[in-house]
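Visitor: Below you will find the structure I want to go over with you.
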Amino acid sequence: MKNSLFYFLLCYSTIVFGQGMHDSNRTGFLNPMQFDGIYLAISDLNLSNEGNTYLFSKWEGKYEVYVSEKEGYSFPNLNYNVKTNLLESKISKDSVYQFDVEKINFIKHGSKKYKSYKIHKTNELFQELYVSENIFFLKGFAVVLKKGVINPLTLEYIQKDQYSINEKFYLKLKNVNFIELSLNKKSVLKLLGDKAFQVEKYASDFKLSFKSEIDLFKIFRYYDTL
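To convert, take the position in the sequence shown, counting from 1, and add 1; that gives the working numbering.
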């Protein structure tokens with residue numbers, strides 16, 4: 002198993018070094034054994050229902066998987082199965098490798114950063130929308146199953162059960178626990194205490210919407226300065 006994993010990582014990944022470092026600062030490979038997981042044939046995956054349980058719309062691209070703040074691997078294909086909370090990389094058209102999310106520090110895909118948090122009963126992958134010493138504003142993902150339709154005469158499916166992914170938002174201020182956040186003005190301001198008036202005025206002055214992820218990034222960044 003370990004020899005197979007070593008071969009897989011060397012063939013399908015390239016080294017990623019510290020954020021902001023140049024190529025001249027590269028010093029060597031990481032230990033591939035830091036990634037725990039299993040190989041699976043595509044046929045072993047539960048694909049009996051239609052729809053989608055994967056976070057990223059495309060498998061191919063530049064995905065950076067970090068095992069520490071400065072060290073990790075770059076994979077040419079990767080996806081996160083929201084239903085199973087597992088990262089998967091296609092080894093071939095017939096098989097995938099599943100990573101243990103708890104062994105990974107964070108993932109970068111383009112400008113987006115994803116990190117594992119235990120907000121519910123188990124660790125799940127969340128997108129960090131704004132994170133500082135005092136504020137954690139995250140986007141979470143949940144799989145929803147829409148039940149299929151059965152023909153009452155033949156008892157056969159007219160339409161199979163279908164998965165879809167819903168987005169949910171979470172906020173943690175200072176040392177308070179995470180709470181699920183509705184993206185609207187009333188819900189956000191209610192949590193900001195005596196700074197709510199200043200934040201409301203700032204949002205109004207700069208025409209920022211409390212329903213927008215991008216604008217909320219700016220709003221929470223401003224709140225952080227108060």
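The beta carbon of each residue, even a glycine, is placed where N, CA and C say it ideally should be.
Find the nearest neighbour of Pro77 within the set His110, Ser213, Asn53 and Glu201, judged by alpha-carbon distance.
Guide: Residue 77 sits at position 76 when you count from the first residue of the sequence shown. Pro77 has its Cα closest to that of His110, out of His110, Ser213, Asn53 and Glu201.
Visitor: What residue ranges within the segment 123 to 147 form continuous beta strand (DSSP E) runs of no fewer than 3 residues, ordered along the chain?
Guide: Whole beta strand (DSSP E) segments, 3+ residues: 125 to 132 and 136 to 147.
Visitor: Distance check for Ser96 and Lys186, CA to CA, integer angstroms please.
Guide: Residue 186 sits at position 185 when you count from the first residue of the sequence shown. Residue 96 sits at position 95 when you count from the first residue of the sequence shown. For Lys186 and Ser96, the distance between alpha carbons rounds to 46 Å.
Visitor: Starting from the C-beta of Thr123, find all residues in its chain whose C-beta is less than 7 Å away, skip the five residues before and the five after it, and write them out in chain order.
Guide: The count along the sequence shown starts at 1 and reaches residue 123 at position 122. Asn86.
Visitor: Decide if the segment 212 to 224 is in contact with the segment 129 to 141; the criterion is three or more beta carbon pairs, one per stretch, under 8 Å apart.
Guide: yes
Visitor: Hey, Phe179 and Leu190: beta-carbon distance below 8 Å or not?
Guide: One-based indexing of the sequence shown puts residue 179 at position 178. One-based indexing of the sequence shown puts residue 190 at position 189. No, the Cβ-Cβ distance between Phe179 and Leu190 is not below 8 Å.
Visitor: Who are Val66's beta bridge partners in DSSP?
Guide: Walking along the sequence shown from the start, residue 66 turns up at place 65. BP columns for Val66 point to Tyr74 and Ile108.
Visitor: Does the Cβ of Val83 have 16 or more other Cβ atoms within 10 Å, making it buried, or fewer, making it exposed?
Guide: In the sequence shown, residue 83 corresponds to position 82, counting from 1. Classification for Val83: buried.
Visitor: Can you tell which of Gly52, Asn106 and Glu61 has the C-alpha that lies nearest to the C-alpha of Lys71?
Guide: Reading the sequence shown from its first residue, position 70 is the one you call residue 71. From the listed residues Gly52, Asn106 and Glu61, the smallest Cα separation to Lys71 is found for Asn106.
Visitor: Can you give the Cα-Cα distance for Gln199 and Glu129, rounded to whole angstroms?
Guide: On the sequence shown, position 198 is the one that residue 199 refers to. On the sequence shown, position 128 is the one that residue 129 refers to. Taking the straight line from one Cα to the other gives about 24 Å.
Visitor: Can you give me the start and stop residues for the alpha helix (DSSP H) that Asp216 sits inside?
Guide: Stepping through the sequence shown from its first residue, residue 216 is reached at position 215. Note, Asp216: alpha helix (DSSP H), Glu214 to Tyr224.
Visitor: Consult DSSP for Val200 and reduce its assignment to one of helix, strand or coil.
Guide: One-based indexing of the sequence shown puts residue 200 at position 199. Three-state result, Val200: helix.
Visitor: If Tyr98 and Ser90 are in contact, beta carbons under 8 Å, what's the gap, nearest whole angstrom?
Guide: Numbered from 1 along the sequence shown, position 97 holds the residue referred to as residue 98. Numbered from 1 along the sequence shown, position 89 holds the residue referred to as residue 90. The beta-carbon distance between Tyr98 and Ser90, rounded to whole angstroms, is 5 Å. This is short enough to meet the 8 Å contact definition.
Visitor: Would you report the Cα separation of Tyr64 and Gly73, rounded to the nearest angstrom?
Guide: Against the sequence shown, residue 64 aligns to sequence position 63. Against the sequence shown, residue 73 aligns to sequence position 72. Roughly 10 Å between the two C-alpha positions.
Visitor: In this structure, how does DSSP classify Ser90 when only helix, strand and coil are distinguished?
Guide: Your numbering for residue 90 matches position 89 in the sequence shown. In this structure, DSSP gives Ser90 an extended state, which the three-state scheme calls strand.
Visitor: Using beta-carbon positions only, say whether Glu157 and Lys169 come within less than 8 Å of one another.
Guide: As a position in the sequence shown, residue 157 is number 156, starting the count at 1. As a position in the sequence shown, residue 169 is number 168, starting the count at 1. Not in contact: Glu157 and Lys169 (Cβ atoms no closer than 8 Å).
Visitor: Could you check how far apart the C-beta atoms of Val102 and Leu79 are, in whole angstroms? I think they sit under 8 Å.
Guide: Position 101 of the sequence shown, counting from 1, holds the residue named residue 102. Position 78 of the sequence shown, counting from 1, holds the residue named residue 79. The Cβ separation is near 12 Å, so there is no contact.
Visitor: Alpha carbons only, please: which of Lys114, Tyr118 and Trp60 is nearest the one belonging to Ser93?
Guide: To locate residue 93, count along the sequence shown from 1; it is residue 92. Among Lys114, Tyr118 and Trp60, the Cα nearest to that of Ser93 is on Trp60.
Visitor: Looking only at C-alpha atoms, which of Ser205, Glu134, Ser210 and Tyr164 sits nearest to Thr226?
Guide: Position 225 of the sequence shown, counting from 1, holds the residue named residue 226. Checked all of Ser205, Glu134, Ser210 and Tyr164; the closest Cα to Thr226 is Glu134.
Visitor: Per DSSP, what kind of secondary structure is Asn32 in: helix, strand or coil?
Guide: To locate residue 32, count along the sequence shown from 1; it is residue 31. With a pLDDT of 39 at Asn32, under the threshold of 50, the modelled position of this residue cannot be trusted; read the value that follows with caution. Of the three classes helix, strand and coil, the one that applies to Asn32 here is coil, per DSSP.
Visitor: Spatial neighbours of Tyr115 within its chain, please: CB distance less than 6 Å, with the 5 preceding and 5 following residues excluded, ordered by chain position.
Guide: The residue given as residue 115 occupies position 114 in the sequence shown. Contacts found: Ile108, Leu126 and Gln128.
Visitor: If Ile159 and Val150 are in contact, beta carbons under 8 Å, what's the gap, nearest whole angstrom?
Guide: Taking the sequence shown and counting its residues from 1, the one referred to as residue 159 is at position 158. Taking the sequence shown and counting its residues from 1, the one referred to as residue 150 is at position 149. With a Cβ gap of about 4 Å, Ile159 and Val150 count as contacting.
Visitor: Tell whether a beta-carbon distance below 8 Å holds between Leu174 and Leu217.
Guide: In the sequence shown, the residue the question calls residue 174 occupies position 173. In the sequence shown, the residue the question calls residue 217 occupies position 216. Not closer than 8 Å, so no.
Visitor: Apart from the five residues just before and just after Ile215, which ones in its own chain have a Cβ nearer than 6 Å to its Cβ?
Guide: Here residue 215 refers to the residue found at position 214 when the sequence shown is read from its first residue. Nothing meets the Cβ criterion.
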